[in-house]
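Mapped onto the numbering used here, the consecutive letters of the sequence shown carry residue numbers 1 to 339. For glycine and all other residues, C-beta sits at the position ideal for the given N, C-alpha and C. For clarity, every value in this text was computed on a predicted model and none was experimentally measured. To start, the structure itself, in structure tokens.
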Amino acid sequence: MSKQGILLVNLGTPDSPSVSDVRRYLDEFLMDERVIDISAVGRTLLVKGIIVPFRGPKSAKTYQKVWTENGSPLLFYSVRAAELLQRKLGDDYCVALGMRYQNPSIAVALEKLKAAGVKSIKVIPLFPQYASATTGSVHQKVMEQVSKWQTIPSISFLNSYHDEPGMIEIFAANGLKYQPETFDHIIFSFHGLPQRQLIKADDSKKHCLQSADCCSRLTDVNRFCYSAQCHNTARLIAERLSIPKEKYTVTFQSRLGKDPWAQPYTSEVIHSLGKGGAKRLLVFSPAFVADCLETIYEIAEEYDLEFKALGGEKVQLVESLNDKAEWIDVLAQLAVRPV
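Okay, structure coming up:
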């Protein structure tokens, strides 16, 4: 009996925290036309001439701070999730893990599925909210790879699962143990995107950034908008925890460059809260299903230090889904559910 293939894909990580490996990772990542969506010439000059040479050493030092005996936390938890999902689904399925950038590559993961003789492949990007720079890039890469095959099995793609009840429940449970009601404010910090990419995703050309609250409610017009999906995820978690609207803020982190990105910026909101006298902040990061550089270091360390410098006491990170058994159950449901 032919197996069904499941391809899990996460963003990626350097092979090591060495400067050379980090530069190699940054080069592949930032040269993706969906990530830095400017002209090929401009992207090459920016990435290869400025970002990779100068940002590489600094980023390497940061990666060294989160690297463990198991390597990159993002890779470790992604591998664990794939192994546990395979165990959960059983012999009728073949689960493979690929990284959009670096290793294990999507190409290698697809070859594993091909060698297993799978009759179908379901692609599950490990990004709950859709964005062209993440999910869109994964879908494009998969299609480029299988287009070279003589025989292409049935392939389906999961677009997003920003409102998946099981996922919402796990994030809420992770936050509940910190007693959210004891914090001065709750922040839902998502990875940022340039505003131009949000605008390009608005097929109607009449909605995105046309009002201050254009992302506050998910509709048929903005259903594929990354920011709107982020707001929806945050709203669902907040409702599950009975957090009133006035006590939480949806923010965006990890801005790169000087162009305007999705706002408000996490760092600016934390500074404002610190200057306003807030002492304790609880931060969820529901764009990431596995803890990584952006959560373990950027939020739990950098933002915590910045907040304390302003008189605050603590920025408490709510851990991600990682390899929790409940998360594997959700992945199994996504794997077997018809698209």
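C-beta atoms of residue i and residue j nearer than 8 Å
{"i": "Phe307", "j": "Val250", "result": "no"}
{"i": "Lys279", "j": "Leu310", "result": "no"}
{"i": "Gln333", "j": "Gly166", "result": "yes"}
{"i": "Ala81", "j": "Gly5", "result": "no"}
{"i": "His185", "j": "Leu305", "result": "no"}
{"i": "Tyr201", "j": "Tyr226", "result": "Just to set this straight, residue 201 is Ala in the shown sequence, not Tyr. Yes, Cβ-Cβ distance for Ala201 and Tyr226 is below 8 Å."}
{"i": "Asn159", "j": "Met99", "result": "no"}
{"i": "Phe288", "j": "Phe171", "result": "no"}
{"i": "Ser137", "j": "Arg34", "result": "yes"}
{"i": "Glu298", "j": "Ser254", "result": "yes"}
{"i": "Val315", "j": "Ile270", "result": "yes"}
{"i": "Leu8", "j": "Ser78", "result": "yes"}
{"i": "Val123", "j": "Val142", "result": "yes"}
{"i": "Ala60", "j": "Val19", "result": "yes"}
{"i": "Tyr303", "j": "Ser272", "result": "no"}
{"i": "Glu169", "j": "Arg240", "result": "yes"}
Contacting residues, own chain, Cβ-Cβ under 6 Å from residue i (five flanking each side not counted)
{"i": "Leu218", "result": "Ala228 and Asn232"}
{"i": "Ala36", "result": "Here residue 36 is Ile; the residue named in the question, Ala, does not match the sequence. Taken in chain order, the residues that qualify are Leu30 and Arg43."}
{"i": "Leu74", "result": "Thr13, Ala290 and Cys292"}
{"i": "His139", "result": "Phe157"}
{"i": "Ala234", "result": "Phe188 and Val250"}
{"i": "Pro125", "result": "Val9, Thr135 and Val138"}
Beta bridge counterpart(s) of residue i as assigned by DSSP
{"i": "Val9", "result": "Gly98 and Pro125"}
{"i": "Arg280", "result": "Lys314"}
{"i": "Tyr297", "result": "According to DSSP, Tyr297 bridges with nothing at all."}
{"i": "Ser120", "result": "Gln4 and Ser154"}
{"i": "Phe252", "result": "Phe190 and Tyr265"}
{"i": "Ser105", "result": "Met99"}
{"i": "Tyr93", "result": "Gln4"}
8 Å CB neighbourhood of residue i in its chain, flanking five on each side removed
{"i": "Met1", "result": "Asp92"}
{"i": "Asn222", "result": "Asp202, His207, Cys208, Cys214, Cys215 and Ala228"}
{"i": "Ala115", "result": "none"}
{"i": "Asn70", "result": "Phe76"}
{"i": "Cys94", "result": "Lys3, Gln4, Gly5, Ile6, Gln86, Lys112, Leu113, Ala116 and Val118"}
{"i": "Lys247", "result": "His185 and Ile186"}
Sequence-distant residues of its chain with Cβ nearer than 7 Å to residue i (five each side left out)
{"i": "Ile51", "result": "Leu26 and Leu30"}
{"i": "Val146", "result": "Leu110, Ile152 and Ile155"}
{"i": "Gln150", "result": "none"}
{"i": "Tyr63", "result": "Pro14, Pro17, Val22 and Leu293"}
{"i": "Asn322", "result": "Tyr77, Ala290 and Asp291"}
{"i": "Gly257", "result": "none"}
{"i": "Pro260", "result": "Gln195"}
Whole-angstrom C-beta distance between residue j and residue i, which should lie under 8 Å
{"i": "Pro286", "j": "Phe190", "result": "7 Å"}
{"i": "Glu181", "j": "Val330", "result": "The pair is not a contact, with the Cβ atoms about 26 Å apart (cut-off 8 Å)."}
{"i": "Ala262", "j": "Phe252", "result": "4 Å"}
{"i": "Glu319", "j": "Asn174", "result": "6 Å"}
{"i": "Gln197", "j": "Ser132", "result": "6 Å"}
{"i": "Cys230", "j": "Gln129", "result": "5 Å"}
{"i": "Val66", "j": "Ile328", "result": "Contact flag wrong, Cβ pair sits at about 23 Å."}
C-beta neighbour in chain D for residue i, strict 8 Å
{"i": "Phe190", "result": "Among the chains in the structure shown there is no chain D, since it carries only a single protein chain."}
Minimum length 4: unbroken alpha helix (DSSP H) runs contained in the region 131-197:
137-146 and 165-176
In the region 51-89, which residue ranges form an unbroken alpha helix (DSSP H) of at least 4 residues, counting only runs that do not cross its ends?
52-66 and 73-89
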